[in-house]
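Here's the structure, in structure tokens; my notes come after.
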Amino acid sequence: MVARGRMTICARILERFNLLRPLNNWAQSKTSLRGVSRVRSGHSLYRKRGFVWVSSPKQMSTNSERCDSCLYMEAGIILSASEIHVGDAINAIKGGKVIAVPTDTLYGFACDACSMEAVHRIYDIKGRKHTTPLAICVGDVPDIARFAIVDHLPHRLLNSLLPGPVTIVLNRGDSSILEKSLNPGLDSIGVRVPDSEFIQAIARGSRSALALTSANLSGQPSSVCITDFECLWQHCAYVYDGGVLPAGRAGSTVVDLTKPGTFKILRPGSAREETTSILKRFNLDEAP
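Residue numbers (full-length UniProt numbering): 1 to 288.
Okay, structure coming up:
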């Protein structure tokens, strides 16, 4: 068994309920769960203490670090934030669903930024006013130009800042492929490329921008592990467990780059000093 400090929350839950291996007295169930289309051939479906555990022959391991088991809730599924689960996340995004994912700063809710139904669902989950703007997440730095104006920025500036714990605020412009109804009344958009292969792969695979916001009720502390927003799991198609995130609860540093030659820090976040240093190295002046 791996050291407890290295276990994901999902693995700890499995260990707590003795779910890392099937027990002979568990009743095999064929119950259909909301949000679960099917169980693949060769997989076993078990029920215990309100959870449903699905495992495949490859997943029958007592090593909790390698165990890819997942917990099915009444709605939504807890999965490890690993490469093998990227496809499920992409399908959920394309289907207009909301998922919870780890980033390089906090856990966040993500959906297709071009699906207004999904965006409204995020607002409803958080209990947030629909007039409060959402940021977007893309898979790679060059993708930013599809959604915002970047021509005025010094060459290689974005590549120096991203991927990383920074949200860049830019003007959308007429060429942006974002839905006009996203953040209505605003000409700007916050863009992220998190330093996280998992969410980058989801954004690439969805071939769209992801609307991204912190996984918490509006006004409540941000989440650094999935148990921080346990009361909201039921509203997600999938909850992806990446363990306890080390960056703290400050979130990303938000910087306004809408005006040529200047920058303004809108939120200090977790990387203010490093971000400011990079911007000044590119001869940008800090606005008052």
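Here a beta-carbon is modelled for each residue, glycine too, at the ideal position from N, C-alpha and C.
Counting only the Cα atoms, residue 201 lies some 31 Å from residue 284. Secondary structure of residue 159 (DSSP, three-state): helix.
Only buried fits residue 194, as 16 or more other CB atoms lie within 10 angstroms of its CB. Inter-residue distance for residue 186 and residue 180 is about 9 Å (C-alpha atoms, whole angstroms).
Going by DSSP, residue 126 is part of the alpha helix (DSSP H) stretching over 116-126.
The C-beta distance from residue 251 to residue 105 rounds to 5 Å, short enough to fall under 8 Å.
Here the segment 166-183 lies against the segment 138-157, with 3 or more beta-carbon pairs under 8 Å apart. Around the C-beta of residue 253, 16 or more other C-beta atoms lie within 10 Å, and the residue is accordingly described as buried.
Per DSSP, residue 216 lies in no beta strand (DSSP E) and is assigned neither H nor E. In this structure the segment 203-214 lies against the segment 85-98, because at least three pairs of beta carbons, one per stretch, are closer than 8 Å. A check of alpha carbon separations from residue 142 across 135, 280, 160 identifies 160 as the nearest. Here the C-alpha atom of residue 258 lies approximately 9 Å from the C-alpha atom of residue 264. In this structure, the CA atom of residue 246 is about 13 Å from the CA atom of residue 222.
Counted as a single uninterrupted DSSP element, the alpha helix (DSSP H) harbouring residue 89 occupies residues 86-94. Spanning the alpha carbons of residue 248 and residue 82 requires a straight line of approximately 22 Å.
Under DSSP, residue 210 takes part in a beta bridge, and its partners are 112, 137. Rounded to the nearest whole angstrom, the CA to CA distance from residue 99 to residue 107 is 10 Å. Residue 131 is classed as exposed because its beta carbon has fewer than 16 other beta carbons within 10 Å across all chains shown.
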